[in-house]
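Here the structure comes first, spelled out in structure tokens, and everything after it is commentary.
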DNA sequence: GCATTTACCTAAAACGTTTAGGCAAATTAG
DNA sequence: CTAATTTGCCTAAACGTTTTAGGTAAATGC
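Chains as they are written, first to last, in this note's numbering: chain F, 42 to 396; chain Y, 42 to 396.
Spelled out as structure tokens, the structure:
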């Protein structure tokens with residue numbers, strides 16, 4: 042810390058913030074009440090539309106509040122109401138998926154803001170220590186991994202919880218938002234089949250995430266039904282380009298009859314292009330290529346890569362929405378909601394003739 | 042919303058959370074005090090190490106608190122102390138940079154957690170409406186863009202603020218964490234020059250971010266000093282692979298004597314490989330390629346691409362740290378801190394002989 | 001032996017809300 | 001015209017902390 046530090050001259054004299062004296066006395070509901078000549082109860086009622094207040098006084102109070110720039114103190118409000126006004130969001134810290142998670146986060150933040158809620162990020166070490174009270178009213182868990190101890194603890198808390206994708210560990214969330222990745226994969230496999238693929242292979246993470254498990258299961262089912270051989274390679278959930286490439290290389294070497302490749306990990310497909318070229322195969326000619334999770338890198342790859350659009354921003358928003366409905370009682374615990382996803386067909390699976 | 046919804050049977054009867062009756066009376070500091078046979082002042086002092094309490098009573102109180110599973114109510118604490126216990130974090134919602142921002146966020150969250158603080162995400166529309174009190178004690182602004190209205194508002198708030206990279210809009214942050222991207226670029230240019238490059242080109246965003254402005258300035262200076270021709274293309278700050286590729290294509294077509302290409306936008310370099318190949322050039326042979334911001338995609342590209350490691354996780358942590366020092370008064374407003382970055386040299390800039 | 005310090009502890013007052021309950025005046029019902 | 005209700009407002013009591021201002025013994029200084 043502070044290896045290289047400098048201080049610039051400032052127009053204002055430096056002042057420490059912790060002892061900063063409020064320049065003007067904070068304007069509270071009492072200030073408003075006094076100025077409007079009513080009691081604080083009436084002021085509170087007038088501002089929040091509760092209780093019984095004549096339209097005339099209500100307008101007066103609102104006017105004064107506006108003029109004074111009154112903003113209610115959340116700590117006081119939350120203390121009184123036993124609420125925190127924030128929801129907690131947990132995501133696995135998996136960098137190769139940051140495209141997906143970043144969109145997810147912004148979706149959740151957006152939805153929360155619409156309801157006047159804040160979003161607090163939880164990672165290992167935050168808000169889970171028993172010595173700290175969870176400063177949130179509910180939890181959203183994105184891609185809860187079965188073997189993540191933090192997820193475990195969070196699921197064990199008494200807070201209302203919504204997961205994105207099912208949780209296969211102990212405990213049940215109060216709400217689940219999930220997408221039918223299995224069906225989507227089967228649609229994709231059908232599409233590959235229509236394009237002439239007979240031997241599709243799958244690169245997929247292990248079953249610690251419900252998403253990967255569904256994809257894997259759907260692949261086995263689809264192949265089983267048509268008597269097609271299973272050709273898969275397993276990679277870690279947080280597989281980087283290196284691991285995925287290695288899996289692809291192994292597939293291309295060991296399975297020469299391979300004619301389609303589906304990579305599950307986010308945007309992995311794009312990093313596979315060089316590997317495929319190296320192996321002497323041509324995407325869109327003698328090898329079809331697709332991904333289970335769409336990403337910008339896939340849309341702009343050359344050739345553009347077919348992928349399933351899992352609409353992460355909307356998923357994040359849907360999770361937050363569901364949590365709010367649980368909090369207000371307009372949804373009952375145990376609810377599941379399906380988040381629609383769709384296949385984006387691109388060049389990489391349109392079979393062209395070899396040039 | 043709720044297009045497809047189902048409710049699963051649950052072992053527990055459904056209960057709405059908003060009216061949930063606390064099963065056991067919340068254990069407060071009063072409970073602890075009573076059980077320990079002391080006043081709540083003493084209990085508070087014993088638990089927080091303030092005031093004068095005999096070691097004996099302190100141990101007693103701590104024991105009781107632990108046994109009862111007491112966790113202090115943050116709303117009450119914050120109300121009393123006029124603090125919120127959270128810091129706000131604003132980032133531009135720029136998807137092509139999600140690798141960088143995700144690391145940045147986790148770094149900040151980690152540092153905040155170490156200090157017992159939460160991190161609340163701010164986006165356009167959150168916490169900025171005048172009708173809402175900012176529920177944070179301070180702000181961290183990552184890559185504040187000069188033309189972002191939300192950043193503008195946040196800078197205008199009275200809260201202590203730290204930016205990552207300088208802010209060129211109105212108002213001064215209380216602290217700045219910045220990296221010497223200019224010097225790093227010049228190191229990179231020197232390295233390219235050593236490897237034989239005579240005509241390095243630069244793809245860089247406009248000057249709305251201080252980062253891009255520094256990079257651009259350093260390039261002009263370096264070229265100016267050596268009498269090397271300026272060859273640049275400008276792209277948007279949130280340039281996706283498409284825009285960057287177009288810029289690269291234009292460079293490769295219009296500037297045939299080009300022998301090195303530096304792409305500023307995060308991981309853009311990786312998506313340039315196909316474009317370069319298409320243009321009939323070979324990376325590492327007749328064209329060197331490098332990026333101003335490292336990313337996983339660059340390390341695993343083929344060939345691996347030289348890049349400047351800006352260490353985003355550490356940068357996020359450093360910003361949060363500095364903010365806490367400002368909050369406690371151990372740093373004075375106006376402070377600047379340099380965050381070290383370094384060049385990762387990889388294959389793409391090691392000139393090989395044409396095969 | 002009296003005044004003073006020290007060590008430990010307590011009572012009470014904030015902090016800014018919301019809410020339960022109450023009391024007049026105004027309105028309606030009978 | 002009286003009784004019951006409704007309306008409009010207010011008082012007071014929470015919510016769970018931290019902090020301020022003591023208060024009582026024992027220990028110390030002179």
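Using N, Cα and C, we set each Cβ at its ideal position, and we do this for glycine too.
Predicted, not measured: the structure shown is a model, and the values here were computed from it.
Three-way DSSP call (helix, strand, coil) for residue i in this model
i                      : result
residue 128 of chain Y : strand
residue 243 of chain Y : strand
residue 331 of chain Y : strand
residue 164 of chain F : coil
residue 203 of chain Y : strand
residue 213 of chain Y : coil
residue 302 of chain Y : strand
residue 68 of chain F  : coil
residue 386 of chain Y : coil
residue 378 of chain F : strand
residue 248 of chain Y : coil
residue 104 of chain F : helix
residue 347 of chain F : strand
residue 392 of chain F : coil
residue 357 of chain Y : helix
residue 186 of chain F : coil
residue 424 of chain F : Past the edges of chain F, shown from 42 to 396, lies residue 424 of chain F, and the structure says nothing about it.
residue 282 of chain F : helix
residue 172 of chain F : In this prediction, residue 172 of chain F scores a pLDDT of 43, lower than 50, which makes its location untrustworthy; the coordinate-derived value is nonetheless stated afterwards. Correct three-state label for residue 172 of chain F: coil.
Chain-ordered neighbours of residue i on chain Y, where CB pairs are closer than 7 angstroms
i                      : result
residue 312 of chain F : 338, 341
residue 140 of chain F : 136, 139
Contact list for residue i against chain F, beta-carbon separation under 8 angstroms
i                      : result
residue 119 of chain Y : 116
residue 293 of chain Y : Ordered by position in chain F, no residue passes the 8 angstroms Cβ test against residue 293 of chain Y, which lies about 14 angstroms from the chain.
residue 196 of chain Y : The contacting residues do not exist; residue 196 of chain Y stays about 14 angstroms from chain F at best.
residue 77 of chain Y  : Those within 8 angstroms of residue 77 of chain Y in chain F number zero; the least Cβ separation is about 18 angstroms.
residue 250 of chain Y : None at all; the shortest Cβ gap to chain F is about 18 angstroms.
Cut-off 8 angstroms between Cβ atoms - residues of its own chain near residue i, not counting five sequence neighbours on either side
i                      : result
residue 273 of chain Y : 242, 243, 244, 245, 257, 260
residue 277 of chain Y : 246, 247, 284
residue 115 of chain Y : 126
residue 109 of chain F : 68, 72, 73, 76
residue 335 of chain Y : 348, 349, 350, 351, 385
residue 328 of chain F : 299, 300, 301, 302, 317, 322
residue 233 of chain Y : 241, 301, 303, 329, 331, 390
residue 270 of chain Y : 240, 264
Own chain partners of residue i with C-beta closer than 7 angstroms, once the 5 adjacent residues on each side are dropped
i                      : result
residue 312 of chain Y : 282, 285, 286
residue 388 of chain Y : 325, 344, 345
residue 162 of chain Y : 130
residue 359 of chain F : 218, 378, 380
residue 119 of chain F : 125, 126
Own chain partners of residue i with C-beta closer than 6 angstroms, once the 5 adjacent residues on each side are dropped
i                      : result
residue 316 of chain Y : 286, 289, 290
residue 338 of chain Y : 308, 311
residue 280 of chain F : 306
residue 320 of chain Y : 293
residue 84 of chain Y  : 70, 73, 74, 102
Bridge partners - residue i, DSSP secondary structure assignment
i                      : result
residue 273 of chain Y : Y:243
residue 263 of chain Y : DSSP lists no partner for residue 263 of chain Y.
residue 339 of chain F : Note: residue 339 of chain F sits in no beta bridge, so no partner.
residue 159 of chain F : F:127
residue 47 of chain F  : Y:377
9 angstroms Cβ cutoff met for residue i and residue j
i                      : j                      : result
residue 179 of chain Y : residue 367 of chain Y : yes
residue 303 of chain F : residue 264 of chain F : no
residue 46 of chain Y  : residue 377 of chain F : yes
residue 221 of chain Y : residue 382 of chain Y : yes
residue 145 of chain Y : residue 357 of chain Y : yes
residue 151 of chain F : residue 354 of chain F : yes
residue 235 of chain F : residue 205 of chain F : no
residue 164 of chain Y : residue 147 of chain F : yes
residue 417 of chain F : residue 139 of chain Y : Here chain F covers residues 42 to 396 and nothing more, so residue 417 of chain F does not appear.
residue 223 of chain Y : residue 255 of chain Y : yes
residue 249 of chain F : residue 198 of chain F : no
residue 189 of chain F : residue 113 of chain F : no
residue 182 of chain F : residue 203 of chain F : yes
Chain Y contact residues for residue i, given Cβ-Cβ distances below 9 angstroms
i                      : result
residue 278 of chain F : Those within 9 angstroms of residue 278 of chain F in chain Y number zero; the least Cβ separation is about 15 angstroms.
Partner residues on chain F for residue i, Cβ-Cβ distance less than 7 angstroms
i                      : result
residue 385 of chain Y : Here the premise fails: no neighbours, minimum Cβ distance about 15 angstroms.
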